[in-house]
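S.K.:
2 protein chains.
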Amino acid sequence: MTLASPAAVPQPLLALRESLGASAVLFGDEVPQRNRNDWSTQPPAHPLAVVRPVDAAGVSAALKACRAAGLAVVPQGGLTGLCGGARPEDGWVALSLERMVGIEEIDPASATMTVLAGTPLELVQRAAAEAGFYFALDLGARGSCAIGGNLSTNAGGNRVIRYGMARELVLGLEVVLPDGTVMTSLNKMLKNNAGYDLKHLFIGSEGTLGIITRIVLRLHPQPGCTLSALCALPDYDGVVRLLGAARGGLGPLLSAFEVMWPDYWQVVTERVGVRDPLTGSARHGHYVLVEVQGTDEAIDGPRFQRWLESLMEEGALADAAVAQSVADTQAFWALRDACAEFFPTLGPHVSYDVGLAVKSMDAYVRACKAALAVRIPGCESVYYGHIGDGNLHLVAWVPGLSVEQQPKEAMDEVIYGLVREFGGTVSAEHGIGTAKKRWLGHARNPEEIALMKTLKAALDPLGLLNPGKVV
Amino acid sequence: MTLASPAAVPQPLLALRESLGASAVLFGDEVPQRNRNDWSTQPPAHPLAVVRPVDAAGVSAALKACRAAGLAVVPQGGLTGLCGGARPEDGWVALSLERMVGIEEIDPASATMTVLAGTPLELVQRAAAEAGFYFALDLGARGSCAIGGNLSTNAGGNRVIRYGMARELVLGLEVVLPDGTVMTSLNKMLKNNAGYDLKHLFIGSEGTLGIITRIVLRLHPQPGCTLSALCALPDYDGVVRLLGAARGGLGPLLSAFEVMWPDYWQVVTERVGVRDPLTGSARHGHYVLVEVQGTDEAIDGPRFQRWLESLMEEGALADAAVAQSVADTQAFWALRDACAEFFPTLGPHVSYDVGLAVKSMDAYVRACKAALAVRIPGCESVYYGHIGDGNLHLVAWVPGLSVEQQPKEAMDEVIYGLVREFGGTVSAEHGIGTAKKRWLGHARNPEEIALMKTLKAALDPLGLLNPGKVV
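Protein chains in written order, with our numbering: chain A, 15 to 485; chain B, 15 to 485.
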């Protein structure tokens with residue numbers, strides 16, 4: 015593929031550059047490296063152009079120009095997606111929201127914040143905190159990812175059990191439709207049943223139905239205290255009982271319930287080298303990080319302590335350690351976050367993000383481990399996840415093989431084949447993009463996929479907005 | 015309109031009766047009175063038939079038969095809707111889910127319940143409680159309304175501030191599409207991002223895009239205790255500050271925040287005759303019922319008491335009464351629920367259900383009261399609502415006039431005209447149906463309404479499912 019020379023650029027894009035300014039529309043070689051790919055493991059593409067508008071009117075003009083020229087468009091935020099949703103194909107136009115950054119308004123009475131879609135998540139979190147609120151979405155890429163991208167994949171993260179997915183943190187949207195129509199729905203009310211709730215079409219559809227340009231976010235009160243404990247249990251039945259006890263005894267204060275299977279624990283404590291905070295040297299069946307966000311440490315601290323003690327007295331826990339300080343809590347989370355350190359320790363590996371009903375999860379893990387061993391001799395795998403949300407992460411690898419040599423296709427077949435068998439989902443939080451499109455039928459039936467295609471055809475009849483992604 | 019004789023019934027419906035059984039398909043005079051109307055104040059209609067299937071296959075067969083005969087279909091649940099969404103027009107087919115009642119499964123590990131859509135809300139609540147869980151949706155019509163109808167209007171109720179609208183209590187759906195396709199999406203996972211989240215299309219669209227037949231509901235832990243207080247404040251600024259203090263100090267335990275304006279208070283205590291639990295005889299600017307659902311009264315009781323005391327010490331409250339017993343809590347809620355007793359006390363009146371940003375609400379109330387007085391001499395009005403959710407209820411009437419004589423059109427113009435001016439919504443929780451369709455444009459802009467119509471045309475190209483409702 016040769017790079018486009020300005021001479022080969024269609025007239026509507028030249029007119030767009032004229033209208034939005036030279037820095038807003040870059041062609042061919044001018045397209046920065048970052049706009050050629052996302053964090054999925056595909057090679058960089060050669061887009062025809064990147065357009066970087068500063069407002070919805072600019073996004074609208076860009077979509078109209080691309081429509082006039084018959085060019086495919088991919089919306090881009092922080093480009094941290096893992097499934098190729100924001101990656102252009104050669105010859106496409108990348109529409110980047112990187113210049114649409116900022117907080118427009120914080121309304122303390124409604125507990126809402128209105129932001130531009132290109133604003134990095136971390137900036138949203140910080141602005142909320144400065145206004146005395148808490149923005150509950152959090153994930154590893156917070157410094158790079160854009161809030162618009164978080165919505166386009168309906169991001170999850172660690173505190174879904176308490177605050178819900180990104181979808182549940184949104185009250186209103188401004189969206190530019192594929193034909194360039196700017197639809198402004200900047201609702202601030204928790205209750206609004208005047209006609210269809212259109213925002214849900216655009217949240218989680220990975221930029222295939224419209225481009226989100228502004229967002230009204232729901233804010234929560236800042237937690238007064240954060241408490242955590244690391245619990246060891248003999249078996250998965252004990253984990254399910256602990257989840258029930260946490261829901262009942264901690265109620266809505268429960269903010270995370272992270273489960274680690276023993277092979278994960280072993281890799282993290284013995285190979286990555288994170289300190290094991292449990293006192294005994296015994297190996298356990300499962301490990302759970304339980305976190306509570308309370309309003310007042312003087313009240314919620316003793317509540318949490320008593321809850322744990324009663325579980326210990328009942329014999330529900332094989333072992334437990336309670337964080338006595340912020341440093342302890344960080345040390346507990348280091349165990350859970352150690353998966354980010356797998357590359358230097360384990361070498362090349364493949365990461366998965368599946369979902370299952372809570373009760374099926376351990377059976378799935380056992381089936382998966384066994385099937386991987388049979389299908390791919392020497393394959394190792396470890397399991398961990400946000401169990402209360404039905405979300406299981408797993409990492410699989412064959413030691414000694416390079417990234418390219420890892421038998422990803424065979425792994426996919428085993429892992430997604432069992433997802434289908436167990437009635438789970440192939441994507442709990444990363445999305446489908448192009449990377450998982452082949453497997454969508456393992457999690458959605460033909461009627462569901464047909465309806466998705468009906469929606470895509472209704473909103474984007476020319477098929478120019480992020481075509482070929484998701485469905 | 016003459017009633018249909020079996021001879022006038024189209025052949026596909028006769029075949030449907032043959033296939034589903036005589037008790038499942040009733041024609042003309044056989045159609046029970048209840049299937050001819052909902053709770054909106056319109057005259058009963060003369061549907062051609064009512065179909066009462068027992069499963070999704072029966073619903074599908076009914077939709078296919080109506081399609082073959084070119085007949086319009088209205089889905090019916092408990093028929094408690096207030097806006098005409100479930101009312102047939104003359105000659106339509108009413109498709110009632112009254113025989114699709116029952117709990118299919120409770121999954122304690124996932125905290126989910128799978129139910130048939132015709133199941134009354136109260137039965138859902140009771141089954142959850144018997145399994146040790148709490149189903150958080152609650153509203154006055156709980157004994158009559160069906161859970162499928164609750165979803166079709168995305169019902170709200172008193173505890174939205176804590177648990178969200180009906181939408182947020184749903185994880186999966188089975189839906190029959192207008193062409194008879196049965197789409198089964200009975201997801202149980204909080205996180206599932208494999209393609210578009212289709213359930214949101216059907217929730218809140220008042221049976222115009224598909225007919226919900228089965229539902230996976232999200233259950234919550236049963237609250238360990240319920241605490242409440244009635245607070246009096248000098249002005250609306252104080253109410254907004256109290257809401258902020260409740261969000262911050264009570265965190266996610268806050269389960270209701272109900273505000274009553276002074277005219278409402280006066281009507282309820284002086285005319286309806288509910289006992290005033292506040293000690294002083296002073297009249298106040300606003301009254302707020304604050305409710306907390308905690309996990310443990312020994313911990314959360316003192317927390318709530320201290321929170322109130324600190325507000326009293328700061329001078330934030332003009333007066334307050336804390337419930338000392340379940341009877342006290344019931345007495346507080348009697349003030350809020352007294353609106354159900356308005357008919358015998360105030361006589362004929364018109365009820366509204368609007369939504370506004372929290373900060374605009376009092377200004378709206380003042381503008382509305384003034385404008386009604388100017389436009390309709392003698393008009394009285396009272397205001398109350400779920401303020402934390404942005405939901406304001408209001409009741410307006412001209413004393414001495416009959417239901418038919420009430421100047422509803424002039425009231426609508428004033429009330430919805432100001433909603434438009436203040437950027438609010440004409441329906442916070444009752445829906446649009448036919449009753450509010452004229453006013454949809456006051457809450458949604460042309461781009462939003464055009465997209466709603468695009469969706470309707472894409473899913474129901476023949477326009478036979480609840481035509482003319484909502485959009």
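Backbone N, C-alpha and C define an ideal beta-carbon position, used for all residues, glycine too.
Looking at Ala-180 (chain A) and Ala-160 (chain A), is the spacing between their C-beta atoms short of 8 Å?
M.R.: Contact flag unset, no.
S.K.: Let me know if Ala-208 (chain B) comes out buried or exposed under the rule of 16 or more other beta-carbons within 10 Å of its beta-carbon.
M.R.: Looking at its Cβ environment, which holds 16 or more other Cβ atoms inside 10 Å, Ala-208 (chain B) is buried.
S.K.: When the cut-off is 8 Å and only beta carbons count, does Met-197 (chain B) lie next to chain A?
M.R.: Closer than 8 Å: yes.
S.K.: Do Glu-272 (chain B) and Gly-99 (chain B) have their CB atoms nearer than 8 Å?
M.R.: Going by C-beta atoms, Glu-272 (chain B) is not nearer than 8 Å to Gly-99 (chain B).
S.K.: Measure how close the beta-carbons of Leu-257 (chain B) and Gly-399 (chain B) come, nearest whole angstrom, since I'm counting them as under 8 Å.
M.R.: Between Gly-399 (chain B) and Leu-257 (chain B) the Cβ distance is about 12 Å, and since that is not below 8 Å, they are no contact.
S.K.: If you check the beta carbons only, do Ile-120 (chain B) and Met-114 (chain B) fall under 8 Å apart?
M.R.: No, Cβ-Cβ distance for Ile-120 (chain B) and Met-114 (chain B) is not below 8 Å.
S.K.: Taking 8 Å as the threshold (C-beta atoms), are Ala-155 (chain B) and Phe-149 (chain B) in contact?
M.R.: Taking 8 Å as the Cβ cut-off, Phe-149 (chain B) and Ala-155 (chain B) do not qualify as a contacting pair.
S.K.: Taking 8 Å as the CB-CB limit, is Met-15 (chain A) close to chain B?
M.R.: Model confidence at Met-15 (chain A) stands at a pLDDT of 38, short of 50, so the residue's coordinates are unreliable and nothing is read from them.
S.K.: Tell me the residue span of the beta strand (DSSP E) that contains Tyr-210 (chain A).
M.R.: Run containing Tyr-210 (chain A): none; DSSP gives neither H nor E here.
S.K.: Whole-angstrom Cβ separation of Glu-112 (chain B) and Ala-86 (chain B), contact assumed at under 8 Å?
M.R.: Wrong, their Cβ atoms sit about 20 Å apart, outside the cutoff.
S.K.: Could you pull the start and end residues of the alpha helix (DSSP H) that Asn-164 (chain B) belongs to?
M.R.: Note, Asn-164 (chain B): alpha helix (DSSP H), 161-166.
S.K.: Going along the chain, which unbroken runs of the alpha helix (DSSP H) with 4 or more residues stay wholly within the region 131-155 of chain B?
M.R.: With a minimum length of 4 residues, the continuous alpha helix (DSSP H) runs that stay inside the region 131-155 of chain B are 135-144.
S.K.: Quick check on Gly-483 (chain B) - is its C-beta less than 8 Å from some C-beta in chain A?
M.R.: In the sequence under discussion, the amino acid at residue 483 (chain B) is Lys, which differs from the Gly named in the question. No, no contact with chain A.
S.K.: Taking the continuous alpha helix (DSSP H) assigned at Cys-382 (chain B), which residues delimit it?
M.R.: Segment 375-389, the alpha helix (DSSP H) holding Cys-382 (chain B).
S.K.: Whole angstroms are fine: how far does the CA of Gln-307 (chain A) sit from the CA of Arg-297 (chain A)?
M.R.: Computed Cα separation, rounded: 29 Å.
S.K.: Kindly list, in the order they appear in chain B, the residues whose Cβ is closer than 7 Å to that of Gly-369 (chain A).
M.R.: Chain B residues near Gly-369 (chain A): Met-203, Lys-205, Asn-206.
S.K.: With Ala-348 (chain A) as the anchor, note down where its alpha helix (DSSP H) starts and where it stops.
M.R.: Here the alpha helix (DSSP H) through Ala-348 (chain A) covers 340-351.
S.K.: For the region 435-467 of chain A, which residues have a beta carbon sitting closer than 9 Å to at least one beta carbon of chain B?
M.R.: From the region 435-467 of chain A, only Gly-437, Gly-438, Thr-439, Val-440, Ser-441, Ala-442, Glu-443, His-444, Gly-445, Ile-446, Lys-450, Trp-453, Leu-454, His-456, Ala-457, Arg-458, Asn-459, Glu-461, Glu-462, Ile-463, Ala-464, Leu-465, Met-466 have a Cβ closer than 9 Å to chain B.
S.K.: Can you check whether the C-beta of Asp-249 (chain A) is within less than 8 Å of a C-beta belonging to chain B?
M.R.: It does not: the Cβ of Asp-249 (chain A) has no partner Cβ on chain B nearer than 8 Å.
S.K.: Assign Leu-111 (chain A) to one of three DSSP states: helix, strand, or coil.
M.R.: Here Leu-111 (chain A) sits in coil by DSSP.
S.K.: Span of the beta strand (DSSP E) holding Ala-337 (chain A)?
M.R.: That residue, Ala-337 (chain A), is in no beta strand (DSSP E); it is neither H nor E in DSSP.
S.K.: Opposite Arg-228 (chain B) in the DSSP bridges: which residues?
M.R.: Arg-228 (chain B) is bridged to B:Leu-130, B:Glu-188.
S.K.: Mind listing the chain B neighbours of Thr-240 (chain A)? Cutoff is C-beta to C-beta under 8 Å, in chain order.
M.R.: The premise fails here: Thr-240 (chain A) is roughly 12 Å from chain B at the closest Cβ pair, so nothing lies under 8 Å.
S.K.: Could you check the C-alpha separation between Ser-166 (chain B) and Gly-105 (chain A) for me, to the nearest Å?
M.R.: Looking at the two C-alpha atoms, the distance is approximately 44 Å.
S.K.: Mind checking whether Leu-292 (chain B) and Val-230 (chain B) have CB atoms under 8 Å apart?
M.R.: No; because the gap between Cβ atoms is not below 8 Å, this pair is not in contact.
S.K.: Our contact map puts Leu-432 (chain B) next to Ala-381 (chain B) with C-beta atoms below 8 Å; I'd like the distance itself, whole angstroms only.
M.R.: The Cβ separation is near 6 Å, so the contact holds.
S.K.: Could you tell me the alpha carbon to alpha carbon distance between Gln-338 (chain A) and Leu-268 (chain A), rounded to whole angstroms?
M.R.: Approximately 18 Å, taken between the alpha carbons.
S.K.: Need the endpoints of the alpha helix (DSSP H) that Val-433 (chain A) sits in, please.
M.R.: Per DSSP, Val-433 (chain A) belongs to the alpha helix (DSSP H) from 422-435.
S.K.: Are the beta-carbon atoms of Val-340 (chain B) and Ala-243 (chain B) separated by less than 8 Å?
M.R.: No, the pair does not count as a contact, with Cβ atoms beyond the cut-off.
S.K.: In chain order, what residues of the same chain have a beta carbon less than 6 Å from the beta carbon of Ile-226 (chain A), not counting five sequence neighbours either side?
M.R.: For Ile-226 (chain A), where only same-chain residues beyond five positions count, the Cβ hits under 6 Å are Ala-131, Gly-162, Leu-165, Leu-187, Val-189, Phe-216.
S.K.: Mind checking Ala-36 (chain A): buried by the 16 CB within 10 Å criterion, or exposed?
M.R.: By the neighbour-count rule (16 or more Cβ atoms within 10 Å), Ala-36 (chain A) is not buried but exposed.
S.K.: Of all the options A:Leu-469, A:Val-379, A:Ser-441, A:Leu-473, which has the alpha carbon lying nearest to the alpha carbon of Arg-458 (chain A)?
M.R.: Arg-458 (chain A) has its Cα closest to that of A:Ser-441, out of A:Leu-469, A:Val-379, A:Ser-441, A:Leu-473.
S.K.: For the beta strand (DSSP E) holding Trp-321 (chain B), just list the boundary residues, first then last.
M.R.: Careful: Trp-321 (chain B) lies outside any beta strand (DSSP E), inside the alpha helix (DSSP H) at 311-328.
S.K.: Going by DSSP, what residue range makes up the alpha helix (DSSP H) through Glu-305 (chain A)?
M.R.: Element bounds for Glu-305 (chain A): not the alpha helix (DSSP H) but the beta strand (DSSP E), 300-308.
S.K.: Under DSSP, the beta strand (DSSP E) around Cys-245 (chain A) begins and ends at which residues?
M.R.: First-last of the beta strand (DSSP E) with Cys-245 (chain A): 239-247.
S.K.: Which value, in whole angstroms, describes the spacing of the CA atoms of Pro-421 (chain A) and Glu-355 (chain A)?
M.R.: Pro-421 (chain A) and Glu-355 (chain A): Cα-Cα distance of roughly 21 Å.
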